[in-house]
Amino acid sequence: MIEDFQVKAARYIMELGDWIEKLELLMLVDNLKENVKMYVDRLLSLQNPDGGFPHNWVRGFPSSIIETANAITITSKIGLNSDERIRRAIKFLIEKQLDNGSWVEENLECENGSNEIIVSAEALRALATAGIKGEPVNKGVKYLLECQRDDGLWPKSKVDPNPNLEATGKVIMALHEAKGKTATKAMKSGFEGLMEVFVEKLTKEWDAVSEDALPVIEAILSIQPKNTESVRKIIQAYVKSERWNFTDRRSEDTEKVLKVLKIMSLTDNISKAKVEEELKRLMNLKMKMKEIIVKVEDEAREILLSRFEDVGMRRDDDEKKILLGLFIYSLLEQFFWAVDYDPQKEFVGLIDRIGRLDNVEKYVNYEDVKKALFRSKALSGVAKRKKEEAAKSISLYTKFLIENGEFESFEDYVNKLTKFTLLEMAPTLSGMTTAKKLGLLLRNYTKGENSAYKLFESMKLSLECFPSVGSKISTLYPYYVIWVYNVWSEMKEYVEPPIDWNTVKPYVNLGLSNMTLKDLRKDPRKAYPAINRLAEELFPEDKAKISILWIAGREWCTKPHKCYGYMGRKCWFYDICGRGTKNEERGKEDMG
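Numbered according to my numbering, the sequence shown terminates at residue 700, and the numbering increases by one at each position without gaps.
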C-alpha cells in the first residue's frame, strides 16, 4: 500500500508540480543525478545580477532571502558549494544580514516580511550548510538565541511572541547546522519543548500534514534519530487514512504530497527503487518528446506555412496584408467550438465576401465586415454581440495599419499600436475594467520602456482594450508574423502561440500534461497554461519552442484516425504514444 502510494505520488508531482518541486522530489532518489542537474541548471539560470534568487522563482522578480537560502541549501547538498554562482548567492545573503544578526525580506512581493525569525533561520541554515563560518554565522546564532522563549520554543516574529512550531523546527535545524556550544545548548532546550508538543499533540491529533509538520519532524529526527519508528508509524497511519485520488488532477495539493514523501525519506521509509523506476520512465518520456520536437521543428513550420498558403497568404506578401490576414485568421480560430466550423473555410469565405486582402482599405468599413460575418452559416449559433465585436476588432485594426505606414522594427510596431490604443481607442471605450487597463497602459507608455519584453507586454495590454473577442487574440498574430515569417526575429523569445484544447491531446495521452481531456472540454481556456507548463519543462530557455508543441499537437491528435499514417507519414509521436498502435489495429480490423 505504501509503495503504491509513493509511486502514484511521485507521478502526480512530476505531472502537476512546479519545477522546483520536481527538483526536490528527484533529490530524494540517489541515482537520478543527470535529471537533477537539468533542474539545477534551470534554478541557477534564474539568478539576479545582485547574486540573489527571485521571489517565487519568477525570472526578473526582486531577490528574496528565502529563495536564495533555498538555492544555496539545494546546491550544497549536491556539492556545488564552490560554484561561482553559489558564492555570489552566499555573498548576497551575508550583505543582507542586519546589524542585529537577523534577515528580513525587504520586498513587497515577498509575504515573509513579518516572519523574520523563520527567514533568519533559513538564511543561517543555508550559510552553515554551505560551510560558512565566522561572524555572519555567529551573529545569526546570537540573534536566534535572543528570540527564544522561556519554554524553549521560538515565535515566528518578535511582533507575535506566541510559540510557533514551524519556526521552532527551522531554528533548531539552523542551530544544528551551525553547531557550537551556545547553539547546541539552545537547540537542546528547544528540542525538549518541541518533543513535549510533538508527543502531546501531533501523535494524538495527526489527521493532516500540517504546515509545520516537516520542519518539526526534520528537527526531531536530526537530534534524536531513535524517534524514526514513531514518526514512521504516524505517517503510515496518515497515508492509509487519507482518500488519495491521484486520477483526479484537482484532488490533491502537490506541495502536501511532496511533504509526505520528504517525511518518508527522513524515516528511510521510501521505496527508492520503485519511485526511481517511475521517475526514470517519466523523465525518459519527456526527453524523447523533446528530441522529437527538435527533430520535426522545420517540418512542422512548413506544415503551418502551407496551411496559410492554402488561404492565399505567402511569405513575400506585403507586410500589411500578412498582418491583417493573420489577425483575421487568428480571430476566426476563436470560434473553433462552433458546429461544423473550419477556420480556413470561414477565412476564405470572409475574404470572398469583403474583398482581396491586397486592398486592406475594404476592411475599414465596420458594416461591410459585420455583414460578411453574419452571412457565415457556421457562425449561426454564435451570439450576435460576439460577431459584432469581431467585426469591430477587424475594422479598428485595419484603421491602425492604414494610418501607420511601414514598421521599422517590432519596437516601432508596439509603440505605434500602444499610441493608437490610447489616443484613438480610449474615447470609444467605457467601463471600469477598460479604464483600469488603459491606466496601466498609460503608465507603461509614459515610462518610455526600452525593454523589448516590456514593449511586448504593453502591446498585449493595448489589444485587451479592443472589444472582448479582439482581446482573446492579443498574442496570436504577432506569433505568426515573427515565428513563421521571421519579420521581426529579435522578438522570438517573447512570442506565444494560439492554443486550443485540441493542442494538448497528445500530451494528455502521453501523461505529460497537468490536465485531463475532461478538464479541457469543460474549460478550453485551460489549454494554454497546460501546454505552457510543458514548454517551460522542455525548453525553459527558448519560450518560442512552445509554438512547435502547438503545431505538433494540432497536426495529429485532432485527427485520431491519422495516428497510424496519413499521406505516407505516421504521427510524430507514434513510437512513444501507444495510442497509435491501438488505432492501427482497429484500422486493420476495419479493412479486414
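Yeah, the Cβ is synthetic: ideal placement off N, Cα and C, and Gly gets one too.
Backbone CA spacing between residue i and residue j [nearest angstrom]
{"i": "Arg-389", "j": "Glu-644", "result": "19 Å"}
{"i": "Leu-620", "j": "Ile-462", "result": "43 Å"}
{"i": "Asp-361", "j": "Glu-469", "result": "53 Å"}
{"i": "Lys-296", "j": "Ile-173", "result": "27 Å"}
{"i": "Asn-164", "j": "Leu-152", "result": "14 Å"}
{"i": "Val-305", "j": "Gln-344", "result": "20 Å"}
{"i": "Asp-471", "j": "Val-477", "result": "The displayed chain sequence assigns Tyr, not Asp, to residue 471. If you take the alpha carbons of Tyr-471 and Val-477, they lie about 6 Å apart."}
{"i": "Glu-511", "j": "Ser-228", "result": "58 Å"}
{"i": "Glu-337", "j": "Val-347", "result": "15 Å"}
{"i": "Lys-116", "j": "Phe-354", "result": "7 Å"}
{"i": "Val-212", "j": "Gly-239", "result": "22 Å"}
{"i": "Leu-646", "j": "Ile-400", "result": "11 Å"}
{"i": "Pro-162", "j": "Leu-124", "result": "22 Å"}
{"i": "Val-368", "j": "Ser-184", "result": "23 Å"}
{"i": "Leu-253", "j": "Gly-298", "result": "10 Å"}
{"i": "Arg-167", "j": "Gln-155", "result": "8 Å"}
{"i": "Ala-615", "j": "Trp-664", "result": "A quick correction: the sequence has Tyr, not Ala, at residue 615. Whole-angstrom Cα-Cα distance: 12 Å."}
{"i": "Thr-276", "j": "Lys-289", "result": "18 Å"}
{"i": "Ser-190", "j": "Ala-197", "result": "11 Å"}
{"i": "Gly-489", "j": "Asp-448", "result": "11 Å"}
Which listed residue (the options) has its alpha carbon closest to that of residue i
{"i": "Tyr-147", "options": "Leu-232, Met-135, Glu-385, Leu-432", "result": "Met-135"}
{"i": "Phe-416", "options": "Glu-384, Glu-326, Val-402, Phe-455", "result": "Phe-455"}
{"i": "Lys-144", "options": "Ile-225, Ile-186, Met-567", "result": "Per the sequence shown, the amino acid found at residue 144 is Val instead of Lys. Residue Ile-186 is the option with its Cα nearest to Val-144."}
{"i": "Phe-564", "options": "Leu-531, Leu-252, Leu-525", "result": "Leu-525"}
{"i": "Arg-662", "options": "Ala-635, Ile-430, Asp-426", "result": "Ala-635"}
{"i": "Glu-519", "options": "Lys-568, Leu-322, Ile-430", "result": "Lys-568"}
{"i": "Lys-266", "options": "Glu-274, Gln-256, Leu-273", "result": "Gln-256"}
{"i": "Lys-626", "options": "Leu-642, Arg-641, Asn-353, Trp-609", "result": "Trp-609"}
{"i": "Tyr-682", "options": "Met-397, Lys-562, Ile-110", "result": "Met-397"}
{"i": "Glu-203", "options": "Ile-225, Asn-223, Glu-243, Ala-179", "result": "Glu-243"}
{"i": "Cys-130", "options": "Met-421, Ile-182, Arg-483, Gln-155", "result": "Sequence inspection shows Lys at residue 130; the Cys mentioned does not correspond to that position. Closest by alpha carbon: Ile-182."}
{"i": "Asp-426", "options": "Tyr-449, Leu-465, Tyr-437, Leu-393", "result": "Leu-465"}
{"i": "Phe-508", "options": "Lys-495, Ser-488, Leu-481, Ser-570", "result": "Ser-570"}
{"i": "Leu-206", "options": "Ser-190, Phe-443, Val-245, Ala-236", "result": "Val-245"}
{"i": "Gly-420", "options": "Glu-441, Gln-452, Asp-112", "result": "Gln-452"}
{"i": "Pro-323", "options": "Ile-342, Leu-273, Trp-262, Arg-351", "result": "Leu-273"}
{"i": "Thr-60", "options": "Val-365, Met-391, Pro-333", "result": "The structure shown does not extend to residue 60, since the chain is modelled only from 109 through 700, so no value can be given for it."}
{"i": "Glu-532", "options": "Thr-506, Glu-514, Phe-515", "result": "Thr-506"}
Backbone secondary structure at residue i - three-state DSSP
{"i": "Phe-161", "result": "strand"}
{"i": "Arg-677", "result": "strand"}
{"i": "Ser-330", "result": "helix"}
{"i": "Ser-517", "result": "coil"}
{"i": "Ser-701", "result": "Outside the shown range of the chain (109 to 700) lies residue 701, about which nothing can therefore be said."}
{"i": "Gln-344", "result": "helix"}
{"i": "Asp-138", "result": "coil"}
{"i": "Met-623", "result": "coil"}
{"i": "Lys-630", "result": "helix"}
{"i": "Leu-261", "result": "coil"}
{"i": "Trp-352", "result": "coil"}
{"i": "Gln-256", "result": "coil"}
{"i": "Leu-618", "result": "coil"}
{"i": "Asn-156", "result": "coil"}
{"i": "Val-383", "result": "helix"}
{"i": "Phe-647", "result": "coil"}
{"i": "Cys-671", "result": "coil"}
{"i": "Gly-277", "result": "helix"}
{"i": "Ile-128", "result": "helix"}
{"i": "Thr-375", "result": "coil"}
{"i": "Gly-545", "result": "The displayed chain sequence assigns Lys, not Gly, to residue 545. Reduced to three states, the DSSP call for Lys-545 is helix."}
{"i": "Asp-361", "result": "coil"}
{"i": "Asn-610", "result": "helix"}
{"i": "Ala-282", "result": "helix"}
{"i": "Ile-226", "result": "helix"}
{"i": "Ile-186", "result": "coil"}
{"i": "Val-166", "result": "coil"}
Residue i beta carbon near the ligand NAD (any heavy atom closer than 6 Å)
{"i": "Arg-150", "result": "Of the ligands one can find in the structure shown there are none, so the ligand NAD has no counterpart to examine."}
Notebook entry, point to check: Fully enclosed by the region 482 to 512, which alpha helix (DSSP H) runs are 4 residues long or longer?
Noted result: Complete alpha helix (DSSP H) runs here, min 4: 492 to 511.
Practice prompt. Evaluate the contact criterion for the region 647 to 654 versus the region 676 to 683: three or more CB pairs, one atom per stretch, below 8 Å.
Written response: No, the region 647 to 654 does not touch the region 676 to 683.
Jot down the residue ranges of each uninterrupted alpha helix (DSSP H) in the region 189 to 218, minimum 4 residues, whole runs only, in chain order. Restricted to the region 189 to 218, the alpha helix (DSSP H) segments that are unbroken, complete and at least 4 residues in length are 192 to 204, listed in chain order.
- Query: Do the region 161 to 172 and the region 405 to 415 meet, that is, are 3 or more Cβ pairs less than 8 Å apart?
  - Reply: With the cut-off at 8 Å, the region 161 to 172 and the region 405 to 415 do not touch.
Item checked: Runs of alpha helix (DSSP H) wholly within the region 406 to 480 (minimum 4 residues, chain order) -> DSSP runs (the alpha helix (DSSP H)) wholly in the region 406 to 480: 427 to 441, 451 to 462.
Cβ contact check for the region 491 to 500 and the region 426 to 433: 3 or more pairs under 8 Å:
No: fewer than three Cβ pairs fall under 8 Å.
Problem - Any 3 or more C-beta pairs closer than 8 Å across the region 274 to 284 and the region 239 to 258 - result: Enough Cβ pairs lie closer than 8 Å, so yes.
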